[in-house]
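Single-structure report; data block below.
2 protein chains.
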Amino acid sequence: MPQSNLWFTELQNENLSIGLRIEKTLHSEVTPYQTLDVYETKQYGRLLVLDGCVMTTDKDEFVYHEMLSHVPMHTHPNPKNVLVVGGGDGGIIREVIKHPSVERAVLAEIDGAVVEASKKYFPQIAAGLSDPRVDVQIVDGIKYVEDHPDTFDVILIDSTDPIGPAVGLFSKKFYESVFRALKSDGVMAAQTESPFVNQELIQNVMRDVRGTFPISQLYLAHVPTYPTGMWSFTMGSKVHRPQDVQTCRVQNTRYYNAQVHHASLALPQFVKELVES
Amino acid sequence: MPQSNLWFTELQNENLSIGLRIEKTLHSEVTPYQTLDVYETKQYGRLLVLDGCVMTTDKDEFVYHEMLSHVPMHTHPNPKNVLVVGGGDGGIIREVIKHPSVERAVLAEIDGAVVEASKKYFPQIAAGLSDPRVDVQIVDGIKYVEDHPDTFDVILIDSTDPIGPAVGLFSKKFYESVFRALKSDGVMAAQTESPFVNQELIQNVMRDVRGTFPISQLYLAHVPTYPTGMWSFTMGSKVHRPQDVQTCRVQNTRYYNAQVHHASLALPQFVKELVES
């Protein structure tokens, strides 16, 4: 069979692109918040795209989902109540409920269409959404956080890029609201783009998180389908230090392990200088 | 000024591509060994391309050059004589001679055109080639290694992809020859592609290096312009362990530091399983 010559090309910024050969377009819609497309790719399996940007793929989703969740989840000694803001595909929730201590995990996603598309096209990513401990709320995450003070042990911010509906998730006001929604020893983490191309954003987020939480830490992972492949996450913590984690409490991971936890905290010299300046 | 609509697009494999907006084509030639192009890009500065593949760029070259050199160079307690096979751009040599212990560094590059193009278009990468300790040899690296038994403390294999002139650099016979060219406590390292797309190659190299050297270790770095951004290096050592390194002996690095040294040895679970299988 001749192969398809259809390519998905993401302009990651105006000078940089990634291309993935497409076998088939599975779904396209305009939701009240964004455009949503699902493709079958040759390289990475199924691909979820929001507003033209790669959100996740079958083949590399484990990196982002494991690393945004397990590094902060292990930093907290006993996470019972967890909130995920955004993350409608369910990948973060799937990882959160691998922790035996978790009693309740709330997903606050603004766009119900993302949840529905994930259940239909990415069943192995959405798998956790039907767990009895999981409460899926189609709501504005910013308002949900404001309305639930002193409630969560861990809050994970799985946002899109800081444009469109996600802008408010990258503000000091929001981090302060997250601080209030956390219990007295709570931990938060957010995805914060690439140190190779989003340096100003990372500096702003670090300044705001450092100004809000006693403990702050940038950490890194390799996500092939995101711009430059080097992705950063920013953690804020009231009491617990990510450096103190000793063992891996979850099984069946493909990226995270105890060594990777600590390795992710070691910053290349230019990133170290970026966040310390 | 309207911006250029010329793009350099590398088909990283048949289903995956990276695109870089080009301001200007600076140089194009067909050497006796390969095609060689130099472009000015908007995102990464100048770009060196061999046989259509990204070799290095001004903006991210420091990652690859620091990590292929400093991890094995620090693993050896006192490297005096160093050989670089390939690496005609000079980036590895530049890092090697940052080590105060180095007395002689030989570059064995098969294609003199790469050296000349680098001197002309990438002066900051080629800078080390004029150092009095450096001996640039335009020769077949495989033969050079065979002809110099028991000579070097460290050998670094900075090859292109395992096609064309570089095929022989990924064979057990070559690693055995490298073993013989090293002194009794020598260390070698080679670039060995991406664990996301070149799994079979990495398994073969690890098997061959493990079958040749008492100590072997895969390690990783983030190289944005290489396929998937996650790049691997394979180290073989006769005596010294990379885990035993305690301090960083070089200054003016932008990626490498003592924490990054150890972090690079921590393998994500799927990579760990790949090299242990």
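Quick note, the sequences are listed as chains E and L, same order.
The first sequence begins at 9 in our numbering and counts up one residue at a time.
The second sequence begins at 9 in our numbering and counts up one residue at a time.
For glycine and all other residues, C-beta sits at the position ideal for the given N, C-alpha and C.
Using the C-alpha atoms, what's the distance from LYS181/E back to GLU31/E?
43 Å
Under 7 Å by beta carbon: chain L residues contacting THR236/E:
PRO232, GLY237, listed in chain order.
Since I believe ASN21/E is in contact with VAL205/E (beta carbons under 8 Å), could you give me their beta-carbon distance rounded to a whole number of angstroms?
6 Å
Please report the Cβ distance between SER192/E and LYS246/E, rounded to the nearest whole angstrom; I am assuming they are in contact, meaning their Cβ atoms lie under 8 Å.
6 Å
Chain-ordered neighbours of GLY27/E on chain L, where CB pairs are closer than 8 Å:
THR17, LEU24, SER25, ILE26, GLY27
Going by Cα to Cα distance, which pick from LEU275/L, PRO85/L, GLN259/L, GLY94/L is closest to LEU226/L?
Among LEU275/L, PRO85/L, GLN259/L, GLY94/L, the Cα nearest to that of LEU226/L is on LEU275/L.
Buried versus exposed, by CB contacts within 10 Å (16 or more), ASP252/L
exposed
Test: THR242/E CB closer than 8 Å to a CB of chain C
In summary, chain C is missing from the structure at hand, where the protein chains are E and L.
Considering Cα atoms alone, identify which of VAL114/E, GLU37/E, TRP15/E, THR33/E is closest to PRO87/E.
VAL114/E
Short of 6 Å in beta carbon distance, which residues of its chain neighbour PHE187/L, apart from the five on each side in sequence? Order them along the chain.
Taking PHE187/L as the centre and dropping the five residues before and after it, the same chain places the C-beta of THR220 closer than 6 Å to its C-beta, in chain order.
Is DSSP giving ASP216/E helix, strand or coil here?
helix
Suppose contacts are defined by Cβ-Cβ distances below 8 Å. Is GLY136/L in contact with PHE160/L by that definition?
no
Does GLY98/E pass the burial test, meaning 16 or more other C-beta atoms within 10 Å, or should it be called exposed?
buried
Between the stretch 79–100 of chain E and chain L, which residues of the former have CB atoms less than 8 Å from a CB of the latter, in chain order?
none
For the stretch 118–151 of chain L, list the alpha helix (DSSP H) runs that are entirely contained and at least 4 residues long, ordered along the chain.
120–129, 131–134
At 3 residues or longer, and completely inside the stretch 50–113 of chain L: list those beta strand (DSSP E) runs for me, N to C.
Fully contained in the stretch 50–113 of chain L are the following beta strand (DSSP E) runs of length 3 or more, in chain order: 53–58, 61–65, 89–94.
Using only alpha-carbon positions, find the residue among TYR41/E, VAL46/E, LYS280/E that is nearest to LYS128/E.
Closest option to LYS128/E, Cα to Cα, is VAL46/E.
So, does the CB of PRO250/L fall closer than 8 Å to a CB anywhere in chain E?
Interface annotation, PRO250/L: not in contact with chain E, CB-CB separation never under 8 Å.
Extent of the continuous beta strand (DSSP E) to which GLN11/E belongs
Segment: none, GLN11/E is in no beta strand (DSSP E) and carries neither H nor E.
Could you check which residue in THR39/E, SER36/E, GLY53/E, SER240/E has the C-alpha nearest to that of ARG29/E?
Checking every option, the nearest Cα to that of ARG29/E belongs to GLY53/E.
I'd like to know if ASN13/E contacts chain L, where contact means its C-beta is closer than 8 Å to some C-beta of that chain.
no
Helix, strand or coil: which one does DSSP assign to PHE278/E?
helix
Which class does ARG262/L belong to by DSSP, given the choice of helix, strand or coil?
Note: ARG262/L maps to coil in three-state DSSP.
Using the beta-carbon of each residue, which ones in chain L are nearer than 8 Å to VAL268/E?
Against chain L, a Cβ distance below 8 Å from VAL268/E picks out ALA274, LEU275, PRO276, GLN277.
By the three-class DSSP mapping on this structure, what secondary structure does PRO204/E have?
Per the sequence shown, the amino acid found at residue 204/E is Phe instead of Pro. Three-state DSSP puts PHE204/E in coil, outside helix and strand.
I'd like the span of the alpha helix (DSSP H) that includes ARG188/L, first residue to last.
180–189
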